[in-house]
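Student:
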């Protein structure tokens, strides 16, 4: 009886994978003749049983596979580091973490597909090993001298800042060490928000930034005992002890915990807030404690709803698209990811010679968007014409101070907050002629986190 070729291939594959599995480990150390395989739930376990390194998938992205570090035994899977957040794997059967011939760690999907690597040059031959340390730091080190560290995950943070890790900048290579948010709760790829150490004129402060271009929160300058914009009780309790360092090679800050029994870290959320998290043993009955969060209000997070998105913290669904727009991705918005904002349902007619004209939709009671161009006092009609005659102009507003116009995407549109004092104004949003005939459709909103 003839043997089917596909059956033969699968049989050989299973035998090879079974053989490879005998070389995988469930220890704190990975030697050069060992490797981790994605389909095997075993990974590296720190010697104190506090951290696990292994492959994981999130329920919202079950086809995407990542290598990461998480807390062990605290209920759920609290990820604190991701190796390949910009380049996910897709094969459980063939994806591995192993050593290359030159001693580097490599993340492979096939022998010729490198998805991530420590990417170091001039490593001593046949001398490296990898280890997951008790503080959650994953290191590549000299196996004959364990204190010689060639590479460490603490130099490459993702969204979580663990005690002992550095935030700051390498003054030689100008490489920043900062936290970057997840794209959403299920997608660890880089989001648009970051948490950085700012070091102007020799002083230290933390900042939150949107898209590496707009600072929307600052901790205030460190005054030797606290940051002005962080709750004083946090420092009075002595929970975190900060250490600031600045020399010719690097400028950075680390922190330690006052109690070794505490399980705390700082993290930036996918919605652009920074928060310390205290984990407690066991399950969902003991959820993580959030000691404080900054900014306190989501309305103070810049451009949370993305381009052309409107934020309203008086609503149970704070993000919405105006008439004539829809979310770029329904999937992302269901996961509270509005970073791509809203897109037009119909293209603008400007510069088209089809006889149709764009028009302006009046939106009342809105805090005006970011980055307008102001003109001297002119009439409302001349303000409208100035925008209409400029094909790059997407909106205008007119008040007692004069005429304001916006070009390109509108960012940070908000309804006035019930907690704030800023009043709303009228703005006129440019829409296509075809939009006059269309219906508004369903409301496109984001549920609060």
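In mature numbering (1 follows the signal peptide of the UniProt record, and there is no 0), the protein residues as written are -26 to -1, 1 to 423. No residue lacks a Cβ here, since even glycine has one placed at the ideal position from N, Cα and C. Treat the numbers as computed from the prediction; the structure is a model and nothing was measured.
(1) Going by C-alpha distance, which of 315, 372, 133, 23 is nearest residue 246?
(2) Where does the unbroken beta strand (DSSP E) through residue 336 begin, and where does it stop?
(3) How about the region 196 to 205 and the region 274 to 287: do they share at least three Cβ pairs that are nearer than 8 Å?
(4) On a Cα-Cα basis, can you pick out the residue from 274, 277, 300, 310 that is closest to residue 290?
(5) So, residue 153 versus residue 169, is the Cβ gap smaller than 8 Å?
(6) Am I right that residue 55 and residue 39 are in contact with their C-beta atoms under 8 Å? What's the rounded C-beta distance?
(7) Give the list of continuous beta strand (DSSP E) stretches no shorter than 3 residues that lie fully inside the region 358 to 387.
(8) Take the Cβ of residue 50 as the centre, count every other Cβ of all protein chains shown within 10 Å, and call the residue buried at 16 or more, exposed below.
(9) Quick one: residues in its chain with C-beta nearer than 6 Å to the C-beta of residue 424, no 5 flanking neighbours on either side, listed in chain order?
(10) Can you tell me which of 96, 100, 69, 130 puts its alpha carbon nearest to the alpha carbon of residue 85?
(11) For a quick check, are the C-beta atoms of residue 218 and residue 180 less than 8 Å apart?
(12) Please report the residue range of the beta strand (DSSP E) in which residue 400 lies.
(13) With DSSP as the reference, please indicate the residues paired to residue 284 in a beta bridge.
(14) Kindly indicate which three-state DSSP category residue 409 falls into: helix, strand or coil?
(15) Count the other CB atoms within 10 Å of the CB of residue 11; is the residue buried (16 or more) or exposed (fewer)?
(16) Can you round the beta-carbon distance between residue 424 and residue 33 to whole angstroms, since I take them to be within the 8 Å contact cut?
(17) How would you label residue 107, buried or exposed, when you count the other beta carbons within 10 angstroms and need 16 or more for buried?
(18) Based on Cα-Cα distance, which residue from 165, 267, 151 lies nearest to residue 157?
(19) Residue 175 by DSSP, collapsed to three states: which one?
(20) Return the CA-CA distance between residue 307 and residue 301, expressed in angstroms with no decimal places.
(21) By the three-class DSSP mapping on this structure, what secondary structure does residue 306 have?
(22) Which residue from 338, 376, 342 puts its Cα closest to that of residue 352?
(23) Taking 6 Å as the limit between beta carbons, can you name the residues of its chain near residue 370, skipping five residues before and five after?
(24) Compare the beta carbon distance of residue 81 and residue 71 with 8 Å and say whether it is the shorter of the two.
(25) Helix, strand or coil: which one does DSSP assign to residue -4?
(26) For residue 141 and residue 4, what's the separation of their Cα atoms in angstroms?
(27) With DSSP as the reference, please indicate the residues paired to residue 348 in a beta bridge.
(28) Helix, strand or coil: which one does DSSP assign to residue 125?
(29) Using the C-alpha atoms, what's the distance from residue 21 back to residue 115?
(30) Which residue wins for smallest C-alpha separation from residue 176, given the options 226, 275, 271?
(31) Is the beta carbon of residue 433 less than 8 Å from the beta carbon of residue 41?
(32) Please name the residue, chosen from 280, 342, 340, that lies closest to residue 316 on a Cα-to-Cα basis.
(33) Roughly how many angstroms separate the alpha carbons of residue -12 and residue 14, rounded to a whole number?
Tutor: Looking at the coordinates:
(1) 133
(2) 333 to 340
(3) no
(4) 310
(5) yes
(6) So it is not a contact: roughly 15 Å between Cβ atoms.
(7) 367 to 373, 376 to 381
(8) exposed
(9) No information on residue 424 is available, as it lies outside the stretch -26 to 423 that the chain covers here.
(10) 69
(11) no
(12) 399 to 405
(13) 294, 387
(14) helix
(15) buried
(16) An answer regarding residue 424 cannot be provided, because it is not within the stretch -26 to 423 covered by the chain.
(17) buried
(18) 165
(19) helix
(20) 7 Å
(21) helix
(22) 376
(23) 357, 361, 379, 402
(24) yes
(25) With a pLDDT of only 46 at residue -4, under the threshold of 50, the placement of this residue in the model should not be trusted; the figure read from the coordinates follows. Residue -4: coil per DSSP, three-state reduction.
(26) 27 Å
(27) 378
(28) strand
(29) 16 Å
(30) 226
(31) The chain is shown only over -26 to 423; residue 433 falls outside these bounds and no answer can be derived.
(32) 280
(33) Per-residue confidence for residue -12 stands at a pLDDT of 47, beneath the threshold of 50, marking its modelled position as unreliable; no derived number is given.
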